[in-house]
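Chemist: Quick note: the sequence shown, position 381, residue 1297 per this note's numbering, numbers continuous. The C-beta atom is built at its ideal place from N, Cα and C for all residues, glycine as well.
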Amino acid sequence: MKIEQFPEDIRSCLIPEPRGRMFYRCIACKSEFDSDRLLYTCPECGQVLMLHNENIEDINSFGGEKWRRIFDYRRMLNKTALKGIFRYYEFIAPTIPLDRIIYLGEAHTPLVEVNNRLKKMVGIKFYFKNDGLNPSASFKDRGMACALSYLNYLAKKEKMTNLLAICASTGDTSASAALYSSYLEDILKSAVLLPKGKVTPQQLSQPLGSGASVLELPGVFDDCMKVVEFLAENYPVALLNSKNSWRILGQESFSFEIAQDFDFDVADKVVVVPVGNAGNITAIMNGFLKFLNAGVIEKLPKIIGVQSEHADPVYLYYSEQDKDKRVFKSVDVRPSVAQAAMIGDPVSMPRVIELAEKYNEAAGGKKIFVVRVSEQEIMDSMIIANRNGNIACTQGGESLAGLIKAVQEGYVDSRETGVLDSTAHILKFAVFQEMYFNNSFGPEFNIKPRPELKNAPVDMLLKSISKHPLPGKPLKGKDMQAYVLEISAEASCR
917 MKIEQFPEDI
927 RSCLIPEPRG
937 RMFYRCIACK
947 SEFDSDRLLY
957 TCPECGQVLM
967 LHNENIEDIN
977 SFGGEKWRRI
987 FDYRRMLNKT
997 ALKGIFRYYE
1007 FIAPTIPLDR
1017 IIYLGEAHTP
1027 LVEVNNRLKK
1037 MVGIKFYFKN
1047 DGLNPSASFK
1057 DRGMACALSY
1067 LNYLAKKEKM
1077 TNLLAICAST
1087 GDTSASAALY
1097 SSYLEDILKS
1107 AVLLPKGKVT
1117 PQQLSQPLGS
1127 GASVLELPGV
1137 FDDCMKVVEF
1147 LAENYPVALL
1157 NSKNSWRILG
1167 QESFSFEIAQ
1177 DFDFDVADKV
1187 VVVPVGNAGN
1197 ITAIMNGFLK
1207 FLNAGVIEKL
1217 PKIIGVQSEH
1227 ADPVYLYYSE
1237 QDKDKRVFKS
1247 VDVRPSVAQA
1257 AMIGDPVSMP
1267 RVIELAEKYN
1277 EAAGGKKIFV
1287 VRVSEQEIMD
1297 SMIIANRNGN
1307 IACTQGGESL
1317 AGLIKAVQEG
1327 YVDSRETGVL
1337 DSTAHILKFA
1347 VFQEMYFNNS
1357 FGPEFNIKPR
1367 PELKNAPVDM
1377 LLKSISKHPL
1387 PGKPLKGKDM
1397 QAYVLEISAE
1407 ASCR
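The structure is reproduced here in structure tokens:
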């Protein structure tokens, strides 16, 4: 739809101009720093940062009704820079010029209502938000679109070339970072650090295909992250992990989309999200808070964070009911099918602690919950979800298992509606489905497939058929007719 076809009173608001100033603020000491440089931790105290908009009061005073109209009309606008996460430009990064925005088809992923069988099984109505339908097949593209748009802007402004973009990854971050970096071939080259043997073959193939340098380290993600943090502090590199505050901004679009998907009424909604490095739940909380403060939504939804028993530091922190006694401790992770969340020392934990308190206060009561599920529950839930028309990855299975647990524990009731974050596509984690069907999990997973959920191909080389077609040797005439009749009779009984 062309700009002149929109109502006159809204037309001037649809294509924004860069304005204002953004700045980093330390979570701990509250020191502030200009956003005109790459900064990942506070130079004063070393803690993580969040990005803020100096003109937030102007945005908040604009009026919720007008923002809702702007976003609904932008949905129809044929403007590349505003098609993805930057539909919500003013709430994400309003200082980046539109001609520096990178759009590879990310965001606005489908919200799919589950069938009646799943609703009955869980006890409430719920949806999967399929973030596996992003370009690199995971939610990481939301944050990467913002981080790389900022890098594109900064590099061209400062005439930078041959920047090295780096990240540590459990698989999805590396795929996304390599993909988006490859788009800026004249500015960036990328290197990703992976824990050897801890990512699926599909995930490993992605950064290789995008041309990144893939460095496999022994150990787990937390070990890779320590190397990356040292590189970011001591070498001229661009860090693309969620320590990068620009990535958090991009991932806030998940909240904005959910709000718009439900016509900006999320009062009875429950957003369920798997928690690993905790950047995603940070972004989701912050996104909803921004919309609340601007009047775009009137009430905050519940948020349920989910962790596996094999990687549960956030759950353990919040299991202490007395917040004055809470002390965060990292954990030694064990092998998990939810590999993207297999993190024992989440970088964004300080952000989570601060934002969860703000969120509950703004909601007028507790709205943030964290539950823990078993590896068995994760795999069973993934298989069940996909047997009912979904494309959930293992983290999507973790979300479903978490919703079931939240209902059982009374955090969610039948009057509410769930929105489950399926963070990646099932095809990236197909190896775990195969292990489930083959009953080939090692004892460290503690997973025993349920017989009714197993599946396997059936060999149709039937003894009752004397002749079968072979490659290069097709059957003809009566032989083919007899073959088709026998196979059809057998197939009709399946």
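I'd like to confirm the pairing. Which residues does DSSP put opposite Cys1083 in its beta bridges?
Modeler: Val1108
Chemist: Based on Cα-Cα distance, which residue from Gln1311, Pro1390, Lys1383 lies nearest to Phe1044?
Modeler: When each option's Cα is compared against that of Phe1044, the closest is Gln1311.
Chemist: Quick one: residues in its chain with C-beta nearer than 8 angstroms to the C-beta of Val1153, no 5 flanking neighbours on either side, listed in chain order?
Modeler: Leu1079, Leu1080, Ala1081, Ile1082, Leu1147
Chemist: What is the DSSP secondary structure of Ala1340, counted as helix, strand or coil?
Modeler: Residue state for Ala1340 is assigned as strand, using DSSP reduced to three classes.
Chemist: Measure the C-alpha to C-alpha separation of Pro1051 and Asp1337 and round it to an integer number of angstroms.
Modeler: Using only the alpha carbons, I get a separation of about 16 angstroms.
Chemist: Just to confirm before moving on: does the CB-CB distance between Ala1061 and Ile1001 stay below 7 angstroms?
Modeler: yes
Chemist: Just the C-alpha distance for Ser928 and Val1144, rounded to the nearest angstrom, thanks.
Modeler: 43 angstroms
Chemist: Taking only runs of the alpha helix (DSSP H) that begin and end inside the stretch 1346-1377, which ones reach a length of at least 4 residues, in chain order?
Modeler: 1346-1354
Chemist: For Lys1370 versus Phe1353, is the C-beta spacing smaller than 7 angstroms?
Modeler: yes
Chemist: If we count the other Cβ atoms within 10 Å of its Cβ and call it buried at 16 or more, is Val1243 buried or exposed?
Modeler: exposed
Chemist: Are the Cβ atoms of Leu1412 and Ile1403 separated by less than 7 angstroms?
Modeler: A query on residue 1412 cannot be resolved here, the shown segment of the chain reaching from 917 to 1410 and no further.
Chemist: DSSP puts Leu967 in a beta bridge; with which residues?
Modeler: Partner(s): Tyr940.
Chemist: Look at the Cβ atom of Leu1109, then the Cβ atom of Leu1131, and state whether they are nearer than 7 angstroms.
Modeler: yes
Chemist: Ser1065: which of Leu1034, Arg1033, Tyr1099 sits nearest, CA to CA?
Modeler: Tyr1099
Chemist: Give the single residue among Pro1123, Lys1392, Arg1250, Asn1068 whose Cα lies nearest to the Cα of Thr1011.
Modeler: Asn1068
Chemist: Would you check if the distance between the CB atom of Val1286 and the CB atom of Lys1321 is smaller than 7 angstroms?
Modeler: Cβ distance not < 7 angstroms, so Val1286 and Lys1321 don't count as in contact.
Chemist: Buried or exposed for Pro1123, please, with buried defined as at least 16 other CB atoms from any protein chain shown within 10 angstroms of its CB.
Modeler: Result: buried.
Chemist: Kindly indicate which three-state DSSP category Thr1333 falls into: helix, strand or coil?
Modeler: strand
Chemist: Residue range of the beta strand (DSSP E) that Gly1221 falls in?
Modeler: 1218-1224
Chemist: Taking 7 angstroms as the cut-off, decide whether the C-beta atoms of Leu930 and Asn1304 are in contact.
Modeler: no
Chemist: How is the beta strand (DSSP E) around Asp950 delimited, first residue to last?
Modeler: 948-950
Chemist: How many angstroms separate the CA atom of Ser1224 from the CA atom of Ser1252?
Modeler: Their Cα atoms are separated by approximately 8 angstroms.
Chemist: Would DSSP call Pro1123 helix, strand or coil?
Modeler: helix
Chemist: Report the three-state DSSP secondary structure of Ile1284 (helix, strand or coil).
Modeler: strand
Chemist: Where does the unbroken alpha helix (DSSP H) through Pro1229 begin, and where does it stop?
Modeler: 1229-1234
Chemist: Quick check on the DSSP output: the alpha helix (DSSP H) that includes Ala1322 runs from which residue to which?
Modeler: 1310-1324
Chemist: Less than 7 angstroms between the beta carbons of Leu1104 and Ser1126, yes or no?
Modeler: no
Chemist: Who are Pro1190's beta bridge partners in DSSP?
Modeler: Val1222
Chemist: Roughly how many angstroms lie between the CA atoms of Glu933 and Leu1014, to the nearest whole one?
Modeler: 8 angstroms
Chemist: When you compare the CB positions of Lys1283 and Leu1216, do they come within less than 7 angstroms of one another, or not?
Modeler: Contact: yes.
Chemist: Going straight from the alpha carbon of Met886 to that of Ser1171, what length do you get?
Modeler: Given that the chain is displayed from residue 917 to residue 1410, the structure contains no residue 886 and the question cannot be resolved.
Chemist: For Val1136, name the three-state secondary structure that DSSP assigns.
Modeler: coil
Chemist: Can you say whether Met917 is buried or exposed, counting buried as having 16 or more other CB atoms within 10 angstroms of its CB?
Modeler: Classification for Met917: exposed.
Chemist: Please identify the residue among Val1230, Phe1207, Phe1180 whose C-alpha is closest to the C-alpha of Val1191.
Modeler: Measuring from the Cα of Val1191, the nearest candidate turns out to be Val1230.
Chemist: Could I get the ranges of all uninterrupted alpha helix (DSSP H) runs contained in the stretch 946-1028, with 4 residues as the minimum, in chain order?
Modeler: 972-976, 980-990, 1005-1008
Chemist: Counting only the same chain and skipping the five closest in sequence on each side, list residues whose C-beta sits under 8 angstroms from that of Tyr1399.
Modeler: Excluding residues within five positions, the ones whose Cβ falls inside 8 angstroms are Ile1381, Lys1383, His1384, Pro1385, Leu1391.
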